[in-house]
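K.L.:
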Amino acid sequence: MKFDGYYALSDFLEVPNLRQKSYAALKHHAAQWFWGTETSAPGPTGLRGLWFTLYAVAATVYGWMVTILMVWFLTKFLQPYKLTVVGWGLATLAAFNIIVLPIVMGVVAARRNPSLLRPKPWWRPVLTAAVLVTIIWGVLFIPLPRRVYAVLTIEPTRSQQVSVTVPGQILTILVQPGQSVRQGDPLLELDNVELRLLQARLEQERELFQVQWRAAEASQNPARSRQLRVLIEAVESQLALQQSRLDKLQVRAPCDGLVIPEPEQRPLASRGSPHEVQLARGTHSPLNRENVGAVLDAGTPVCRIVESPEYEAVAILPQSQIESVRVGQPVTIKLDAFPGDMLLGTVREIGVQDVTNPPPQLLNVAGSELPAVTSGPGAGGLVSPHYQVRVTLTGFSHQEFAKSLPPLRVGLRGRVWIQAGSQTLALRGWHWLCEAFQN
Numbered sequence: 022m023k024f025d026g027y028y029a030l031s032d033f034l035e036v037p038n039l040r041q042k043s044y045a046a047l048k049h050h051a052a053q054w055f056w057g058t059e060t061s062a063p064g065p066t067g068l069r070g071l072w073f074t075l076y077a078v079a080a081t082v083y084g085w086m087v088t089i090l091m092v093w094f095l096t097k098f099l100q101p102y103k104l105t106v107v108g109w110g111l112a113t114l115a116a117f118n119i120i121v122l123p124i125v126m127g128v129v130a131a132r133r134n135p136s137l138l139r140p141k142p143w144w145r146p147v148l149t150a151a152v153l154v155t156i157i158w159g160v161l162f163i164p165l166p167r168r169v170y171a172v173l174t175i176e177p178t179r180s181q182q183v184s185v186t187v188p189g190q191i192l193t194i195l196v197q198p199g200q201s202v203r204q205g206d207p208l209l210e211l212d213n214v215e216l217r218l219l220q221a222r223l224e225q226e227r228e229l230f231q232v233q234w235r236a237a238e239a240s241q242n243p244a245r246s247r248q249l250r251v252l253i254e255a256v257e258s259q260l261a262l263q264q265s266r267l268d269k270l271q272v273r274a275p276c277d278g279l280v281i282p283e284p285e286q287r288p289l290a291s292r293g294s295p296h297e298v299q300l301a302r303g304t305h306s307p308l309n310r311e312n313v314g315a316v317l318d319a320g321t322p323v324c325r326i327v328e329s330p331e332y333e334a335v336a337i338l339p340q341s342q343i344e345s346v347r348v349g350q351p352v353t354i355k356l357d358a359f360p361g362d363m364l365l366g367t368v369r370e371i372g373v374q375d376v377t378n379p380p381p382q383l384l385n386v387a388g389s390e391l392p393a394v395t396s397g398p399g400a401g402g403l404v405s406p407h408y409q410v411r412v413t414l415t416g417f418s419h420q421e422f423a424k425s426l427p428p429l430r431v432g433l434r435g436r437v438w439i440q441a442g443s444q445t446l447a448l449r450g451w452h453w454l455c456e457a458f459q460n
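The working numbering puts the first residue of the sequence shown at 22, with every later residue one more than the last.
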């Protein structure tokens, strides 16, 4: 597409070798303006020659933009595989071709033509050098505002997650999303045939040992009686543990509040029994009535009990960015559900432990941006250390617009920009380089 546009423009202007002529005009004007070298123009002069120069500048900027976008895309694509350094290696080669190679070619041309090193107006090279020194000084020492970017999700300020502690098959769903519950109320009833069979076998063993113990007592065999007593106590201990696991098959509310379903989870696979089913298509929440009979593994989120109606934002930041975030820094949030307005807030809390169970709606496999492990023992986790940042929401940037919006709800995802102080361009580039080789 790039070359099609080039040839179309060349034919339209009726200028063959447009690229060579435009870059020759650019070199001529650059030598004249910045170095003071007076040479004959290699092509058209006046306004037409200036247009050639502008085209060369635009073509150069366009080439840089295409190269940067390609390297950025490749780096993002390789990030889940921990091959970011490959993308940065290509970026180094591109930077060499864009920056270093033209400088080397200019030095070689100057050595071949020493007259180029003797400018007539002495103030032009001095002014050029002063501008370059000023730019370098600005890159090294002038701090610029820094904004840390991350993805986030909306969560209740005070809530407790309810998860399955003992795997089982859904028998009865006792609550609906939005229902008010009290602490200890049953939410879900599960069944585990293996646990019940194990309990029945232990009860049979206990009865058998009790019969043998009574026989040993009747025959006045104290050694055998003590041995059987120890076996009975061991079986009763196992039965008590087994009963506690069976009691956990009835999932109960840990606190008072409203029942809110967890954001959509990955589909839960069937274990192969013809009586087991997967979670209903279109909703992977265990509280859906169509999911009766589905198997829930230990650790599967069932729902969340919200203790207060207030919400907060939870952002997930990589380790390289969390170091510059401080409590109290202002943030700007754009939710995918409300693209026409921005939420405002401040950083309330910064996590100190790695995120081991990230919100599934924020992973790249769900259409978001967090790089996730797609296979192996760490599937569903993050490929690199990330940390949580909790944000207190203060309202929308346009309150009159917010009145027409539906209320916030759990699981909404979006993007956040944290005003993380200031930083020089040189330091920012150094951090990017370190981050690339760490990944």
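Don't be surprised by glycine CBs; every beta carbon is placed ideally from N, CA and C.
From what residue to what residue does the alpha helix (DSSP H) around Gln263 run?
P.N.:
Gln263 -> alpha helix (DSSP H) spans Pro243 to Asp268.
K.L.:
Gly442 by DSSP, collapsed to three states: which one?
P.N.:
The answer is strand: DSSP assigns Gly442 an E or B state.
K.L.:
Figure out for me which residue from Gln233, Val196, Val348 and Leu195 has the closest Cα to the Cα of Val251.
P.N.:
With distances taken between Cα atoms, Val251 lies closest to Gln233.
K.L.:
Would you check if the distance between the CB atom of Ser168 and the CB atom of Ala441 is smaller than 9 Å?
P.N.:
The identity of residue 168 in the sequence shown is Arg, whereas the question assumes Ser. A contact, by the Cβ cut-off of 9 Å.
K.L.:
Answer with buried or exposed for Ile163, where buried requires no fewer than 16 other C-beta atoms within 10 angstroms of its C-beta.
P.N.:
Under this definition Ile163 is an exposed residue.
K.L.:
How long is the line joining the alpha carbons of Leu260 and Glu228, rounded to whole angstroms?
P.N.:
Each residue's Cα considered, the two are about 12 Å apart.
K.L.:
Gly366 to Leu414, Cα distance in whole Å?
P.N.:
Gly366 and Leu414: Cα-Cα distance of roughly 4 Å.
K.L.:
Quick one: give me the first and last residue of the alpha helix (DSSP H) that Gly372 is part of.
P.N.:
Note, Gly372: premise wrong, no alpha helix (DSSP H); not H, not E.
K.L.:
At 3 residues or longer, what runs of the beta strand (DSSP E) sit wholly inside the region 139 to 196?
P.N.:
Correct list: 165 to 177, 180 to 184 and 189 to 194.
K.L.:
By Cβ distance below 7 Å, which residues in the same chain neighbour Ala319 in space, the five residues on each side in sequence not counted?
P.N.:
Cβ within range, chain order: Val185, Thr186, Val187 and Pro188.
K.L.:
Could you tell me which residues DSSP puts in a beta bridge with Cys324?
P.N.:
Per DSSP, Val183 and Pro282.
K.L.:
How far does the alpha helix (DSSP H) with Val107 in it reach, from first residue to last?
P.N.:
Element bounds for Val107: Thr105 to Ala116.
K.L.:
Which whole-angstrom value is the C-beta distance of Val410 and Val368, which I expect to be below 8 Å?
P.N.:
About 6 Å; that satisfies the 8 Å criterion.
K.L.:
Taking 9 Å as the threshold (C-beta atoms), are Ala171 and Arg434 in contact?
P.N.:
Cβ distance not < 9 Å, so Arg434 and Ala171 don't count as in contact.
K.L.:
Roughly how many angstroms separate the alpha carbons of Pro307 and Thr178, rounded to a whole number?
P.N.:
So the alpha carbons of these two residues sit roughly 23 Å apart.
K.L.:
Just curious, the beta strand (DSSP E) that Gln382 is in, first and last residue?
P.N.:
Here Gln382 belongs to no beta strand (DSSP E), and DSSP marks it neither H nor E.
K.L.:
Ends of the alpha helix (DSSP H) at Ala237?
P.N.:
Unbroken alpha helix (DSSP H) run through Ala237: Val214 to Ala239.
K.L.:
What residue does the alpha helix (DSSP H) around Gln342 start on, and which one ends it?
P.N.:
Where Gln342 is concerned, the enclosing alpha helix (DSSP H) stretches over Gln340 to Ile343.
K.L.:
From Val87, Leu99, Val106 and Phe94, pick the residue whose C-alpha is nearest to that of Trp453; which is it?
P.N.:
Closest option to Trp453, Cα to Cα, is Val106.
K.L.:
Between which two residues does the beta strand (DSSP E) containing Leu356 stretch?
P.N.:
Here the beta strand (DSSP E) through Leu356 covers Pro351 to Leu356.
K.L.:
What separation, rounded to the nearest whole angstrom, lies between the Cα atoms of Pro288 and Trp158?
P.N.:
Unreliable positioning characterises Pro288 in this predicted model, as indicated by a pLDDT of 46, which lies under 50. The coordinate reading is nonetheless provided below. Going by the C-alpha atoms only, they are around 55 Å apart.
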